[in-house]
Amino acid sequence: MALLFWPMKTSSQDLCQYSCGNVTINYPFGIGDGCYFDKRYEVVCDNSSGSPKAFLAGVNNLELLNSDRYDGNLMRVNIPVISLKTTGHQNGVNLSGIPLTFSRWHNRFAAIGCRNYNTIVKRANDSTVFGGCLTISTCALSSRGCYDFVCALPPNLTQDFNASMLYHFSQSIPQKCQSVLMVEENWLQSEFLTNPHVLRDHQQFPAVLEFAEDRGNCVEEYNSRTTCNKDNRCSIQLTSGYSCLCHRSFNGLNDGYCV
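First residue of the sequence shown: 131, per my numbering; consecutive thereafter.
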């Protein structure tokens with residue numbers, strides 16, 4: 131179950147900054163001391179470039195993007211591309227210990243610059259690795275490394291998009307890929323499918339995070355393992371659990387309950 135209830139804002143939080151550029155910041159996230167629940171939810175608004183940008187200070191300093199198309203449980207961020215040419219010093223993105231996960235419903239995994247059609251498809255029957263892949267060929271007659279794969283997000287990548295793990299996985303495949311990335315499905319539909327080369331033109335791509343902690347499922351909404359109660363209802367099913375939302379007759383939160 132997604133634990134999404136927080137203490138009500140204090141009067142001091144009325145003075146907090148709730149936007150950075152075109153990005154809206156919602157509690158428990160916040161900008162400045164006293165404006166976020168704890169350091170994991172700190173947001174930094176950087177104006178150094180002349181165009182304000184919001185960053186999740188406690189989550190790999192990921193850049194926050196405008197998330198207006200989604201509800202409050204989902205956040206858009208920029209995720210860096212991971213090169214598989216060398217282990218280097220790429221750390222990937224690790225969400226362990228943070229109530230955020232990569233959304234399996236709103237993201238796709240992509241492998242770029244693969245030498246052979248079978249690179250990913252060979253493992254497609256292994257549900258713990260990759261499956262449900264779309265193959266895109268950007269090949270010229272004399273080209274190598276020109277197959278791209280867009281796949282459903284593997285279950286083991288919802289919290290740790292780990293460069294080392296992906297590098298070693300790539301080395302076990304004879305026909306290697308150049309890079310891997312996680313990318314928002316809506317972005318793919320509007321950009322990639324009309325111009326497959328776009329995945330080779332950027333060093334980071336938008337992805338969707340779910341703000342939730344796994345504590346059960348909607349079937350269990352009123353038992354002792356969850357915090358949904360008679361004044362709220364089990365709602366959106368998430369990769370990492372579900373959320374409890376207030377009924378329309380209730381309009382606030384107080385110590386984890388609708389009021």
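Glycine included, every Cβ here is placed at the ideal spot set by N, Cα and C.
Expressed to the nearest angstrom, what Euclidean distance is found between the alpha-carbon atoms of Leu145 and Leu339?
The sequence position of residue 145 within the sequence shown is 15, counting from 1. The sequence position of residue 339 within the sequence shown is 209, counting from 1. Straight-line Cα distance between these residues: approximately 27 Å.
Relative to the C-alpha of Ala241, which residue among Gly222, Cys281, Asn325 is closest?
For the purposes of this step, residue 241 is taken as the residue at position 111 of the sequence shown. Of the candidates Gly222, Cys281, Asn325, the one whose C-alpha sits nearest the C-alpha of Ala241 is Cys281.
Can the beta-carbon of Arg234 be found less than 8 Å from the beta-carbon of Leu283?
One-based indexing of the sequence shown puts residue 234 at position 104. One-based indexing of the sequence shown puts residue 283 at position 153. Against a cut-off of 8 Å, the Cβ pair of Leu283 and Arg234 comes out as a contact.
Mind checking whether Val189 and Leu225 have CB atoms under 8 Å apart?
Counting from one through the sequence shown, the residue named residue 189 turns up at place 59. Counting from one through the sequence shown, the residue named residue 225 turns up at place 95. Yes, the pair counts as a contact, with Cβ atoms nearer than the cut-off.
Local Cβ density within 10 Å of Asn237, reported as buried at 16 or more and exposed below that:
Within the sequence shown, numbered from 1, the residue matching residue 237 stands at position 107. Answer is buried; the Cβ neighbour count reaches 16.
Taking DSSP as the reference, what is the three-state secondary structure of Asn325?
Here the question's residue 325 lines up with position 195 in the sequence shown. It is coil, neither helix nor strand.
Thinking C-alpha only, which one of Pro326, Glu172, Ser178, Asn208 is nearest Gly243?
Taking the first residue of the sequence shown as position 1, residue 243 is located at position 113. Of Pro326, Glu172, Ser178, Asn208, the residue nearest in Cα terms is Pro326.
Ser149 versus Ile266 - alpha carbon distance
For the purposes of this step, residue 149 is identified with residue 19 of the sequence shown, where counting begins at 1. For the purposes of this step, residue 266 is identified with residue 136 of the sequence shown, where counting begins at 1. Going by the C-alpha atoms only, they are around 38 Å apart.
Are the CB atoms of Phe291 and Trp317 nearer to each other than 8 Å?
The sequence position of residue 291 within the sequence shown is 161, counting from 1. The sequence position of residue 317 within the sequence shown is 187, counting from 1. No, these two residues do not count as a Cβ contact at 8 Å.
Ignore the nearest five residues each way along the sequence and tell me which others in Gln147's own chain have a CB closer than 6 Å to its CB.
Along the sequence shown, read from residue 1 onward, the residue named residue 147 stands at position 17. Here the set comprises Ile161.
Note the first and the last residue of the continuous beta strand (DSSP E) segment covering Lys169.
By 1-based counting over the sequence shown, the position of residue 169 is 39. Per DSSP, Lys169 belongs to no beta strand (DSSP E) and is neither H nor E.
Candidates Arg245, Thr154, Leu186: closest to Pro229 by CA position
Working through the sequence shown from its first residue, we reach residue 229 at position 99. Nearest C-alpha to Pro229: Leu186.
Give me the Cβ distance between Thr231 and Thr288, rounded to the nearest whole Å; I'm assuming they're in contact under 8 Å.
Locating residue 231 in the sequence shown gives position 101, counting from the first residue. Locating residue 288 in the sequence shown gives position 158, counting from the first residue. Right, the Cβ-Cβ distance comes to about 5 Å (below 8 Å), so this counts as a contact.
By the three-class DSSP mapping on this structure, what secondary structure does Asn316 have?
To locate residue 316, count along the sequence shown from 1; it is residue 186. Here Asn316 sits in helix by DSSP.
Put Leu145 into one of helix, strand or coil per three-state DSSP.
Here residue 145 corresponds to residue number 15 of the sequence shown, with the count starting at 1. In the structure shown, Leu145 sits in a helix (DSSP, three-state: H, G or I).
With which residues is Cys244 paired in a DSSP beta bridge?
Counting from 1 along the sequence shown, the entry for residue 244 is found at position 114. Tyr277.
Distance between Pro158 and Asp198 (C-alpha atoms, nearest Å)
Residue 198 sits at position 68 when you count from the first residue of the sequence shown. Residue 158 sits at position 28 when you count from the first residue of the sequence shown. Distance between the alpha carbons of Asp198 and Pro158 is about 17 Å.
Considering only residues of the same chain and omitting the five flanking positions on each side of His298, which have a CB-CB separation below 8 Å?
Counted from its first residue, the sequence shown places residue 298 at position 168. Bear in mind that a pLDDT of 47 at His298, under 50, signals an unreliable position, so the number given afterwards is only what the model happens to contain. Taken in chain order, the list of residues that qualify is empty.
In this structure, how does DSSP classify Arg234 when only helix, strand and coil are distinguished?
What you label residue 234 is simply residue 104 of the sequence shown in a count that begins at 1. Arg234: coil per DSSP, three-state reduction.
What is the DSSP secondary structure of Arg206, reduced to helix, strand or coil?
By 1-based counting over the sequence shown, the position of residue 206 is 76. Arg206: strand per DSSP, three-state reduction.
Alpha carbon to alpha carbon, how far is Cys276 from Ala337?
The sequence position of residue 276 within the sequence shown is 146, counting from 1. The sequence position of residue 337 within the sequence shown is 207, counting from 1. In a straight line, the C-alpha of Cys276 is about 24 Å away from that of Ala337.
Please name the residue or residues paired with Phe291 in a DSSP beta bridge.
Here the question's residue 291 lines up with position 161 in the sequence shown. In DSSP, Phe291 forms a bridge with Val223.
Measure the C-alpha to C-alpha separation of Phe167 and Ser320 and round it to an integer number of angstroms.
Translated into positions along the sequence shown, residue 167 becomes position 37. Translated into positions along the sequence shown, residue 320 becomes position 190. If you take the alpha carbons of Phe167 and Ser320, they lie about 35 Å apart.
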